[in-house]
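Trainee: Note that the protein sequences, when read in sequence, are chains W and E.
Just so you know, the UniProt record's numbering puts 13 at position 13 of the first sequence, and the rest follows in order with no gaps.
Just so you know, the UniProt record's numbering puts 56 at position 56 of the second sequence, and the rest follows in order with no gaps.
Glycine included, every Cβ here is placed at the ideal spot set by N, Cα and C.
Sharing a structure with you now.
Number of protein chains: 2
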Amino acid sequence: MGGYDNNKPSLSPANNSKTTDSVLNLEFGDPTMYGEYWRQHGDKGTVVISGCDSMSYFTDMGNLCWFLEPELANSIKRLHCIVGNAVTEDRHIVVGSGSTQLYNALLYAFSSPDEPEPISVVCAAPYYSAYADVTDCVRSGLYKWAGDAYTFEKDGPYIEVVTTPNNPDGSIREAVVNRSHGKVIHDLAYYWPQHTPITHPADYDNMLFTFSKTTGHAGSRIGWAFVKDKEVARKMIEFIMINSIGVSKESQLRAAKIFEAVCDSCQNSGSENFFEYGQRLMGGRWEKLRQVLKNSEILSLPEYPLVYCNFSGKIMETKPAFAWLECNDSDCASFLMEHKIKGRGGRRFGVDSKYARFSLVGEEKEFDNFLERLSGIHGKKHHIKIHADRQ
Amino acid sequence: MGGYDNNKPSLSPANNSKTTDSVLNLEFGDPTMYGEYWRQHGDKGTVVISGCDSMSYFTDMGNLCWFLEPELANSIKRLHCIVGNAVTEDRHIVVGSGSTQLYNALLYAFSSPDEPEPISVVCAAPYYSAYADVTDCVRSGLYKWAGDAYTFEKDGPYIEVVTTPNNPDGSIREAVVNRSHGKVIHDLAYYWPQHTPITHPADYDNMLFTFSKTTGHAGSRIGWAFVKDKEVARKMIEFIMINSIGVSKESQLRAAKIFEAVCDSCQNSGSENFFEYGQRLMGGRWEKLRQVLKNSEILSLPEYPLVYCNFSGKIMETKPAFAWLECNDSDCASFLMEHKIKGRGGRRFGVDSKYARFSLVGEEKEFDNFLERLSGIHGKKHHIKIHADRQ
Numbered sequence: 001m002g003g004y005d006n007n008k009p010s011l012s013p014a015n016n017s018k019t020t021d022s023v024l025n026l027e028f029g030d031p032t033m034y035g036e037y038w039r040q041h042g043d044k045g046t047v048v049i050s051g052c053d054s055m056s057y058f059t060d061m062g063n064l065c066w067f068l069e070p071e072l073a074n075s076i077k078r079l080h081c082i083v084g085n086a087v088t089e090d091r092h093i094v095v096g097s098g099s100t101q102l103y104n105a106l107l108y109a110f111s112s113p114d115e116p117e118p119i120s121v122v123c124a125a126p127y128y129s130a131y132a133d134v135t136d137c138v139r140s141g142l143y144k145w146a147g148d149a150y151t152f153e154k155d156g157p158y159i160e161v162v163t164t165p166n167n168p169d170g171s172i173r174e175a176v177v178n179r180s181h182g183k184v185i186h187d188l189a190y191y192w193p194q195h196t197p198i199t200h201p202a203d204y205d206n207m208l209f210t211f212s213k214t215t216g217h218a219g220s221r222i223g224w225a226f227v228k229d230k231e232v233a234r235k236m237i238e239f240i241m242i243n244s245i246g247v248s249k250e251s252q253l254r255a256a257k258i259f260e261a262v263c264d265s266c267q268n269s270g271s272e273n274f275f276e277y278g279q280r281l282m283g284g285r286w287e288k289l290r291q292v293l294k295n296s297e298i299l300s301l302p303e304y305p306l307v308y309c310n311f312s313g314k315i316m317e318t319k320p321a322f323a324w325l326e327c328n329d330s331d332c333a334s335f336l337m338e339h340k341i342k343g344r345g346g347r348r349f350g351v352d353s354k355y356a357r358f359s360l361v362g363e364e365k366e367f368d369n370f371l372e373r374l375s376g377i378h379g380k381k382h383h384i385k386i387h388a389d390r391q
Numbered sequence: 001m002g003g004y005d006n007n008k009p010s011l012s013p014a015n016n017s018k019t020t021d022s023v024l025n026l027e028f029g030d031p032t033m034y035g036e037y038w039r040q041h042g043d044k045g046t047v048v049i050s051g052c053d054s055m056s057y058f059t060d061m062g063n064l065c066w067f068l069e070p071e072l073a074n075s076i077k078r079l080h081c082i083v084g085n086a087v088t089e090d091r092h093i094v095v096g097s098g099s100t101q102l103y104n105a106l107l108y109a110f111s112s113p114d115e116p117e118p119i120s121v122v123c124a125a126p127y128y129s130a131y132a133d134v135t136d137c138v139r140s141g142l143y144k145w146a147g148d149a150y151t152f153e154k155d156g157p158y159i160e161v162v163t164t165p166n167n168p169d170g171s172i173r174e175a176v177v178n179r180s181h182g183k184v185i186h187d188l189a190y191y192w193p194q195h196t197p198i199t200h201p202a203d204y205d206n207m208l209f210t211f212s213k214t215t216g217h218a219g220s221r222i223g224w225a226f227v228k229d230k231e232v233a234r235k236m237i238e239f240i241m242i243n244s245i246g247v248s249k250e251s252q253l254r255a256a257k258i259f260e261a262v263c264d265s266c267q268n269s270g271s272e273n274f275f276e277y278g279q280r281l282m283g284g285r286w287e288k289l290r291q292v293l294k295n296s297e298i299l300s301l302p303e304y305p306l307v308y309c310n311f312s313g314k315i316m317e318t319k320p321a322f323a324w325l326e327c328n329d330s331d332c333a334s335f336l337m338e339h340k341i342k343g344r345g346g347r348r349f350g351v352d353s354k355y356a357r358f359s360l361v362g363e364e365k366e367f368d369n370f371l372e373r374l375s376g377i378h379g380k381k382h383h384i385k386i387h388a389d390r391q
């Protein structure tokens, strides 16, 4: 699942490139920063769909996931093979309308109407705020959000979500409950070279990935899951069948084409490697961001370890899609909102309001605007502080 | 919502064009009969999507439904204006991943976590079997399937689904509960000229339509709702945001292009009018079907009134997407399964098993195969009957 969250986007991120006095909305992780790459290389990812293509509900009746386009399955496997971030053998691929639907499908697969009460769903705080919203959306009698995995003490079956690298804070994580009767969902939305060193092919029972965080195509609503257990995959497919009778064929065909273009860019020296492009962009942004905040006495960023990346063949740092800011004044989100920067406060992620999350994956102008406003805060606060000292 | 239902499609409809002894699967309403039209006219509906198009989650921040492509909204309005089957003014358009998601979104919009118990959802039997599956999928505490509207007697708030023309039986319907505190959803998936005379522009509070039944593009998973009340539309959008963060942009762009092609075909005398094509096809199939069954003492079809169609300018009969067969032997589905024709039994639709539903919207060969097998049954039974008389 992604960096988008489920509040009404009342302040349009579309206004973010305007250097006006309007609020800069960095609440949503809309990955528009890849737009420039695809404007330059878009023809390699162009799809042409005729009026008579892919009209049926059914795609591949030989596959358990009968609505999965074989081209998409093949391109997903090729991509993970090149990047080395996930084991793809001996597991079922299930496609969903974004990884959000797959998350929901996994909750459905792991729960049972025969249980006396809903199964608890937990994630270590700070956790991606949308998990709670999705889990409790229709007050399911099958599953129920139970908050922070660190403080979860209830006996019996549970589901733990492990987001690694984590949204909001970019940390590398493992399951924390580790009791019997637990099911674990690994949300690997950000386990791609532009965001974190690839240290090993992930090899978990239930892994989620999403098109939006991989290449920036958030509008397509495509996610995929690797699922080891056939019965779990079957129940996920049942959930998707009941709730949306499959997944857009057009989006699947486009994702397949885009992934092939990305794979080609990694393998042909004449092309601009997509992930190296992403690494440069994110690396540059993090460098500038740390520079702006390095002398701040108010705001600080997490530190990330330097780790060898198998994909890149060099030592690298995690470069998360979000700045997870800590404010030594209380309530980071409110403080930055005073400076017309809108983020999402720590409470939504299950932690203290002195933290807040701000998107770093928007257009270049949006990011520059963020830096400019942060610089202003630093100066102003510094001034206030000096002024206070004099009094 | 459509004619597809939520059982595992274990017997592939893809095998239906083979005139072998394998089971002919007519359980699902996969509208592949339009394939031939789009193979002939597909270039008019071709979409080209570049790698850099429609990447953002956000489409139209000025619209309440911020993930709706304006091109799709415009083409939907143009289409309904030409066909005359729905009032489009002064209501919100909400797009969904198929009308199934919109149905779910309406249940969410009409229910409240503050109510002491889940709101009852009813539909007059025979009702579309998927409503029950979707409503109770995750055992929501907000809403609950309560079966046949004719026998619904509980006091308090309720939601009634009115499917007109009805799936499975093609009848024209109105709400039957008609009490205060009721919300009504009109599922108008089949209110198109190829299936029924267009007698008036539908003007209800909450109307559902779907791409799959309009033009045959079931794989795209696009539905749309016309919603009068802004707060209802807002809650539907919230539901779609939480559960899939919008709807595939590629599918929306393609639906827009296909609808424009259909509109052009209705307005340019040089083109083959899509709906007239559909009327001829469905008309021909119903004529052949009635011919095959006219002397049957075992199987019978519903009769439909002749009504003036505003769109066509002539008197017409309803030509449903399904044959709703009544069998004077008990259990219609089991009886036809003995003859290697798989349909869906009446019990799933809330009525007696002497009824069963069979798709009429598949490929030509599939339909011919159906007729051939039906003819065989008639002959065989007739033979058996004569034989019995002689004994």
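Helix, strand or coil, according to DSSP, for aspartate 136 of chain E in the structure here?
Mentor: Residue numbering aside, residue 136 of chain E sits at position 136 when the second sequence is read from its first letter. Helix, per DSSP.
Trainee: Quick check: the Cα distance between arginine 373 of chain W and leucine 289 of chain W, rounded to an integer number of angstroms?
Mentor: For this step, residue 373 of chain W is matched to residue 373 along the first sequence. For this step, residue 289 of chain W is matched to residue 289 along the first sequence. Roughly 11 Å separates the two Cα atoms.
Trainee: Determine, using beta carbons only, whether serine 231 of chain W comes closer than 8 Å to chain E.
Mentor: As a position in the first sequence, residue 231 of chain W is number 231, starting the count at 1. As written in the sequence, residue 231 of chain W is glutamate, which differs from the serine given in the question. Answer no: the Cβ-Cβ gap between glutamate 231 of chain W and chain E never drops below 8 Å.
Trainee: DSSP has glycine 182 of chain E in a bridge; who is on the other side?
Mentor: As a working note, residue 182 of chain E is residue 182 in the second sequence. In DSSP, glycine 182 of chain E forms a bridge with E:Tyr158.
Trainee: If I follow the unbroken beta strand (DSSP E) through methionine 61 of chain E, where does it start and stop?
Mentor: The residue labelled residue 61 of chain E in the question sits at position 61 within the second sequence. Careful: methionine 61 of chain E lies outside any beta strand (DSSP E) and carries neither H nor E.
Trainee: Return yes when the C-beta of proline 31 of chain W is under 7 Å from any heavy atom of the ligand ATP, and no when it is not.
Mentor: Because no ligand of any kind appears in the structure shown, any question about the ligand ATP cannot be addressed here.
Trainee: In chain W, which residues lie less than 7 Å from valine 47 of chain E when you measure between Cβ atoms?
Mentor: Numbered from 1 along the second sequence, position 47 holds the residue referred to as residue 47 of chain E. The contacting residues are Ile49.
Trainee: Report the CB separation of phenylalanine 226 of chain W from phenylalanine 275 of chain W in whole angstroms; it is logged as a contact under 8 Å.
Mentor: Here residue 226 of chain W corresponds to residue number 226 of the first sequence, with the count starting at 1. Here residue 275 of chain W corresponds to residue number 275 of the first sequence, with the count starting at 1. Going by Cβ atoms, the distance from phenylalanine 226 of chain W to phenylalanine 275 of chain W rounds to 20 Å, so no, they are not a contact pair.
Trainee: For the region 161-174 of chain E and the region 188-201 of chain E, state whether three or more C-beta atom pairs, one from each stretch, are separated by less than 8 Å.
Mentor: yes
Trainee: Put histidine 200 of chain W into one of helix, strand or coil per three-state DSSP.
Mentor: As a first step, residue 200 of chain W must be located in the first sequence, where it is residue number 200. Of the three classes helix, strand and coil, the one that applies to histidine 200 of chain W here is coil, per DSSP.
Trainee: On the three-state DSSP scale, how would you describe serine 12 of chain E?
Mentor: Walking along the second sequence from the start, residue 12 of chain E turns up at place 12. Note that serine 12 of chain E has pLDDT 48, beneath the 50 cutoff, so the model's placement of it is unreliable and the number below is only indicative. Coil.
Trainee: Between the region 210-227 of chain E and the region 34-41 of chain E, can you find at least three pairs of beta-carbon atoms closer than 8 Å?
Mentor: By the C-beta criterion, the region 34-41 of chain E is judged to be in contact with the region 210-227 of chain E, since at least 3 inter-stretch pairs fall below 8 Å.
Trainee: How long is the line joining the alpha carbons of valine 232 of chain W and alanine 146 of chain W, rounded to whole angstroms?
Mentor: Counting from 1 along the first sequence, the entry for residue 232 of chain W is found at position 232. Counting from 1 along the first sequence, the entry for residue 146 of chain W is found at position 146. Each residue's alpha carbon lies about 22 Å from the other.
Trainee: Counting only Cβ pairs nearer than 7 Å, list the residues of chain E close to glutamine 279 of chain W.
Mentor: For the purposes of this step, residue 279 of chain W is taken as residue 279 along the first sequence, with counting starting at 1. The premise fails here: glutamine 279 of chain W is roughly 19 Å from chain E at the closest Cβ pair, so nothing lies under 7 Å.
Trainee: Taking its Cβ as the centre, do 16 or more other Cβ atoms sit within 10 Å of lysine 342 of chain W, making it buried, or is it exposed?
Mentor: What you label residue 342 of chain W is simply residue 342 of the first sequence in a count that begins at 1. With a threshold of 16 other beta carbon atoms within 10 Å, lysine 342 of chain W meets it and is buried.
Trainee: Could you say if the region 49-58 of chain W and the region 41-57 of chain E meet the contact criterion of at least three C-beta pairs nearer than 8 Å?
Mentor: yes
Trainee: Looking at chain E, is there any beta carbon in it that lies within less than 8 Å of the beta carbon of glutamine 101 of chain W?
Mentor: What you label residue 101 of chain W is simply residue 101 of the first sequence in a count that begins at 1. So yes, glutamine 101 of chain W belongs to the interface.
Trainee: Using a threshold of 8 Å, state whether the C-beta atoms of valine 23 of chain W and lysine 257 of chain W are closer than that.
Mentor: Along the first sequence, read from residue 1 onward, the residue named residue 23 of chain W stands at position 23. Along the first sequence, read from residue 1 onward, the residue named residue 257 of chain W stands at position 257. No, these two residues do not count as a Cβ contact at 8 Å.
Trainee: Looking only at its chain, what residues have a beta carbon closer than 7 Å to the beta carbon of alanine 125 of chain W, apart from the 5 residues adjacent to it on each side?
Mentor: Stepping through the first sequence from its first residue, residue 125 of chain W is reached at position 125. Asp148, Tyr150, Phe349, Gly350 and Val351, listed in sequence order.
Trainee: Opposite valine 177 of chain E in the DSSP bridges: which residues?
Mentor: Mapped onto the second sequence, residue 177 of chain E falls at position 177. Note: valine 177 of chain E sits in no beta bridge, so no partner.
Trainee: Any C-beta of chain W sitting closer than 8 Å to the C-beta of proline 113 of chain E?
Mentor: Here residue 113 of chain E corresponds to residue number 113 of the second sequence, with the count starting at 1. For proline 113 of chain E, the nearest beta carbon of chain W is closer than 8 Å to its own beta carbon.
Trainee: Quick one: which chain E residues come within Cβ less than 8 Å of aspartate 133 of chain W?
Mentor: What you label residue 133 of chain W is simply residue 133 of the first sequence in a count that begins at 1. Here the neighbours are Ile242.
Trainee: For tyrosine 308 of chain W, count neighbouring Cβ atoms within 10 angstroms of its own Cβ and tell me buried if that reaches 16, exposed if not.
Mentor: For the purposes of this step, residue 308 of chain W is identified with residue 308 of the first sequence, where counting begins at 1. Exposed: under 16 other Cβ atoms inside 10 Å.
Trainee: Can you say whether methionine 61 of chain W is buried or exposed, counting buried as having 16 or more other CB atoms within 10 angstroms of its CB?
Mentor: Locating residue 61 of chain W in the first sequence gives position 61, counting from the first residue. By the neighbour-count rule (16 or more Cβ atoms within 10 Å), methionine 61 of chain W is not buried but exposed.
Trainee: Can you find a C-beta in chain E that's less than 8 Å from the C-beta of glutamate 250 of chain W?
Mentor: The sequence position of residue 250 of chain W within the first sequence is 250, counting from 1. Yes - at least one Cβ of chain E is within 8 Å of the one on glutamate 250 of chain W.
Trainee: How should serine 334 of chain W be labelled, buried or exposed, when 16 other C-beta atoms within 10 angstroms of its C-beta is the threshold for buried?
Mentor: Here the question's residue 334 of chain W lines up with position 334 in the first sequence. By the 10 Å Cβ count, serine 334 of chain W comes out exposed.
Trainee: Measuring only between beta-carbons, confirm whether serine 17 of chain W sits less than 8 Å from chain E.
Mentor: Locating residue 17 of chain W in the first sequence gives position 17, where the first residue counts as 1. Bear in mind that a pLDDT of 49 at serine 17 of chain W, under 50, signals an unreliable position, so the number given afterwards is only what the model happens to contain. Chain E contact via Cβ: absent.
Trainee: Please compile the residues from chain E whose C-beta is within a distance smaller than 8 Å of the C-beta of threonine 254 of chain W.
Mentor: Here the question's residue 254 of chain W lines up with position 254 in the first sequence. According to the sequence as given, residue 254 of chain W is arginine; it is not threonine. Per Cβ cutoff of 8 Å: Ile49 and Glu250.
Trainee: Assuming arginine 139 of chain W and glycine 141 of chain E are in contact, meaning their beta carbons sit under 8 Å apart, how far apart are those beta carbons, in whole angstroms?
Mentor: In the first sequence, counting from the first residue as 1, residue 139 of chain W sits at position 139. In the second sequence, counting from the first residue as 1, residue 141 of chain E sits at position 141. Contact holds; Cβ gap of about 3 Å.
Trainee: When the cut-off is 8 Å and only beta carbons count, does arginine 390 of chain W lie next to chain E?
Mentor: One-based indexing of the first sequence puts residue 390 of chain W at position 390. Note that arginine 390 of chain W scores a pLDDT of 37, beneath 50, so its modelled location is shaky and nothing firm can be said.
Trainee: Show which residues of chain E have a CB atom less than 8 Å away from the CB atom of residue 394 of chain W.
Mentor: Absent from the structure is residue 394 of chain W, since the part of chain W shown begins at 1 and ends at 391.
Trainee: When the cut-off is 8 Å and only beta carbons count, does isoleucine 93 of chain W lie next to chain E?
Mentor: Here residue 93 of chain W is taken as the residue at index 93 of the first sequence, counted from 1. Not one chain E Cβ lies under 8 Å of isoleucine 93 of chain W.
Trainee: What are the boundary residues of the alpha helix (DSSP H) that arginine 39 of chain W is part of?
Mentor: Working through the first sequence from its first residue, we reach residue 39 of chain W at position 39. First-last of the alpha helix (DSSP H) with arginine 39 of chain W: 35-41.
Trainee: What does a CB cutoff of less than 7 Å around aspartate 329 of chain E pick up in its chain, not counting 5 residues either side in sequence?
Mentor: Taking the first residue of the second sequence as 1, we reach residue 329 of chain E at position 329. Cβ neighbours of aspartate 329 of chain E beyond the five flanking positions: Ile298 and Phe335.
Trainee: Under a Cβ-count criterion, where at least 16 other Cβ atoms within 10 Å of its own Cβ denotes burial, should glycine 270 of chain E be classed as buried or exposed?
Mentor: On the second sequence, residue 270 of chain E is found 270 positions in, with the first residue counted as 1. Classification of glycine 270 of chain E: exposed, given that the 10 Å Cβ count is below 16.
Trainee: Going by CA-CA distance only, name the one from E:Pro201, E:Glu174, E:Ser180 and E:Pro116 that's closest to lysine 77 of chain E.
Mentor: Working through the second sequence from its first residue, we reach residue 77 of chain E at position 77. With distances taken between Cα atoms, lysine 77 of chain E lies closest to E:Pro201.
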